[in-house]
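Novice: Can you read through this structure? Questions will come right after.
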Amino acid sequence: MNDISCGSGVELLMEYLEGVLPPETNAALEAHVAGCERCTAFVASYRETPRILRTATAVELPADIQESLHAFIRRLRS
Amino acid sequence: MVVPTADSSDETLAARAAAGDDRAFEEIVARYERRVFGLACRLTSETDAPDVLQNTFLQVYRNLPSFRGESRFATWLYRIATNAALMIRRARTRRPAESLDAFMPRFDEQGMHADLPAQLQVASRADEVIDRQALAEKARAGIARLPDVYRDAFVLRDLEEMSTTDVAQVLGVEPATVRQRVHRARLLLRGYLSDLAGVKR
Chain A
2 MNDISCGSGV ELLMEYLEGV LPPETNAALE AHVAGCERCT AFVASYRETP RILRTATAVE
62 LPADIQESLH AFIRRLRS
Chain B
415 MVVPTADSSD ETLAARAAAG DDRAFEEIVA RYERRVFGLA CRLTSETDAP DVLQNTFLQV
475 YRNLPSFRGE SRFATWLYRI ATNAALMIRR ARTRRPAESL DAFMPRFDEQ GMHADLPAQL
535 QVASRADEVI DRQALAEKAR AGIARLPDVY RDAFVLRDLE EMSTTDVAQV LGVEPATVRQ
595 RVHRARLLLR GYLSDLAGVK R
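In the order they appear, the protein sequences are chains A and B.
Residue 2 is where the first sequence starts when you use the numbering used here, and the numbers rise one by one after that.
Residue 415 is where the second sequence starts when you use the numbering used here, and the numbers rise one by one after that.
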């Protein structure tokens with residue numbers, strides 16, 4: 002019905018998730034993934050990757066660095 | 415800093431700051447200092463981030479009068495912050511990073527995933543099976559191993575959660591190029607997370 006393989010489907014994922022694929026390609030990709038356990042698992046992990054790394058790399062602004070910045074800005078204006 | 419302008423739009427504040435209103439500039443700093451520091455850590459390192467932070471607001475202060483509202487203020491400021499980060503990064507002599515290419519997905523001759531579903535989904539649970547502190551270190555190290563152009567696009571799009579259009583403006587490339595770079599980074603980092611979470615290949 003469609004000629005999408007796991008490999009060619011993977012290359013469409015970003016555009017798929019951003020909603021910029023042509024409708025026919027979009028439907029073909031969805032049909033492939035729905036019938037493919039491996040792609041279903043792969044897509045789930047592809048979607049989770051940004052969230053996991055976003056959380057893992059979140060940092061607070063340390064108070065001493067913030068204070069240095071504010072002092073720098075006060076000097077800038079005086 | 416006590417600032418009574420919390421409900422003003424960025425663009426209003428920018429206009430007031432450009433006209434010499436110090437309170438308005440302080441409010442801009444208060445709104446963006448955390449995000450700029452976070453961005454700087456992700457694009458450079460925690461060591462270089464304080465310099466990036468300072469340089470960013472120096473440039474914002476100097477260039478406010480030339481902000482014309484052609485893009486949103488946030489996008490304009492992110493472009494300044496990104497350039498400040500890239501400038502510091504370029505000044506560092508770095509050892510070539512060990513490639514992440516080994517973590518790309520693998521396919522058989524028919525184009526089918528070579529790994530089993532159970533292996534393919536392991537990356538989704540990396541944050542459940544790896545200690546939080548260890549994952550924080552490994553995540554930073556992994557992102558630093560990306561080729562620079564992939565790293566920049568991935569950090570802005572996926573970690574700072576900017577739209578593809580805004581990232582394209584900040585980096586001065588087409589949206590399709592942003593998508594291609596972010597996609598490549600996601601594939602590499604997804605495989606890297608799988609490896610960290612214990613998938614052997």
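Cβ coordinates follow ideal geometry from the N, Cα and C atoms, glycine included.
Among R456/B, Q524/B, E484/B, E447/B, which has the Cα closest to the Cα of E363/B?
Specialist: Chain B is shown only over 415 to 615; residue 363/B falls outside these bounds and no answer can be derived.
Novice: Closer than 8 Å, Cβ to Cβ, to anything on chain A: give me those residues from the stretch 435-451 of chain B, in chain order.
Specialist: Those would be D436, F439, E440, V443, E447, R448, F451, in chain order.
Novice: Thinking F487/B and L602/B are a contact (beta carbons under 8 Å), I'd like their distance in whole angstroms, please.
Specialist: With a Cβ gap of about 33 Å, F487/B and L602/B do not count as contacting.
Novice: If you follow the alpha helix (DSSP H) that T458/B is part of, which residue opens it and which one closes it?
Specialist: Per DSSP, T458/B belongs to no alpha helix (DSSP H) and is neither H nor E.
Novice: For G8/A, which residues in chain B fall below 7 Å Cβ to Cβ?
Specialist: Within 7 Å Cβ-Cβ: F521, G525.
Novice: Does chain B have any CB closer than 8 Å to the CB of E16/A?
Specialist: By this cut-off, E16/A is an interface position.
Novice: So, using beta-carbon positions, are L453/B and E551/B closer together than 8 Å?
Specialist: Cβ distance not < 8 Å, so L453/B and E551/B don't count as in contact.
Novice: Name the DSSP bridge partner or partners of F521/B?
Specialist: H527/B.
Novice: Of the choices H527/B, R520/B, T461/B, R449/B, whose alpha-carbon is the least far from that of T41/A?
Specialist: Closest by alpha carbon: H527/B.
Novice: Should the stretch 488-502 of chain B be called in touch with the stretch 532-548 of chain B, which here means at least 3 C-beta pairs below 8 Å?
Specialist: As far as the Cβ criterion goes, the stretch 488-502 of chain B does not touch the stretch 532-548 of chain B, which means the pair count is below three.
Novice: Considering only C-alpha positions, which residue in the set Y17/A, R76/A, E68/A is nearest to H33/A?
Specialist: Out of Y17/A, R76/A, E68/A, Y17/A has the C-alpha closest to the C-alpha of H33/A.
Novice: Mind the definition here: the stretch 543-557 of chain B touches the stretch 585-594 of chain B only if three or more C-beta pairs lie below 8 Å; say whether that holds.
Specialist: Segments in contact, no.
Novice: How is the alpha helix (DSSP H) around G10/A delimited, first residue to last?
Specialist: Per DSSP, G10/A belongs to the alpha helix (DSSP H) from 7-11.
Novice: Does the beta-carbon of A433/B have 16 or more other beta-carbons within 10 angstroms, so that it is buried, or is it exposed?
Specialist: Classification of A433/B: exposed, given that the 10 Å Cβ count is below 16.
Novice: Evaluate T50/A with the Cβ neighbour count: other Cβ atoms within 10 Å of its Cβ, from every protein chain shown; 16 or more gives buried, anything less gives exposed.
Specialist: By the neighbour-count rule (16 or more Cβ atoms within 10 Å), T50/A is buried.
Novice: Return no unless some Cβ of chain B is closer than 8 Å to the Cβ of R76/A.
Specialist: It does not: the Cβ of R76/A has no partner Cβ on chain B nearer than 8 Å.
Novice: Going along chain A, which residues have a C-beta under 7 Å from A498/B?
Specialist: By Cβ distance, chain A contributes nothing, its closest Cβ being about 13 Å from A498/B, past 7 Å.
Novice: Quick check: the stretch 431-445 of chain B against the stretch 45-59 of chain A, are there 3 or more CB pairs under 8 Å?
Specialist: No, the stretch 431-445 of chain B does not touch the stretch 45-59 of chain A.
Novice: Report yes or no: is there a C-beta of chain A within less than 8 Å of the C-beta of S538/B?
Specialist: So, interface residue.
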